[in-house]
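In this note's numbering, the protein residues as written are -14 to 73.
A quick write-up on the structure given underneath.
See the structure below:
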């Protein structure tokens, strides 16, 4: 891991086409950075990537009953013609 100290406005180059700019320090709350990269590259925050991966894994383990329970009173498309599932 490369560890650097940067001042606001200073930049770091990764390869020829990725530029990370240090924008500002927010004290103990973190720092703001800007990232310039080609559009074909995906840039993801690790904590969001992890949360999505965990949610996808959990969803892949769901049974049909779990999915139907999650739908609550949503119409299933199996109602008889002329019936209104929204009316008790």
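Glycine included, C-beta positions come from ideal geometry on N, C-alpha and C.
Remember, predicted model here, so these are calculated numbers, not experimental data.
The alpha helix (DSSP H) enclosing residue 0, as first and last residue numbers: Segment: none, residue 0 is in no alpha helix (DSSP H) and carries neither H nor E.
Check residue 17 in the structure and name its three-state DSSP category. The three-state reading of DSSP puts residue 17 in strand, counting E and B together.
Quick one, which of 0, 26, 21 and 1 has its alpha-carbon nearest residue 8's? For the residues 0, 26, 21 and 1, the minimum Cα distance to residue 8 belongs to 21.
Anticipated Cβ contact below 8 Å, residue -3 with residue 5, distance rounded: Confirmed, about 5 Å.
What is the C-beta distance between residue 2 and residue 23, in whole angstroms, given that I count them as a contact (C-beta under 8 Å)? The Cβ separation is near 5 Å, so the contact holds.
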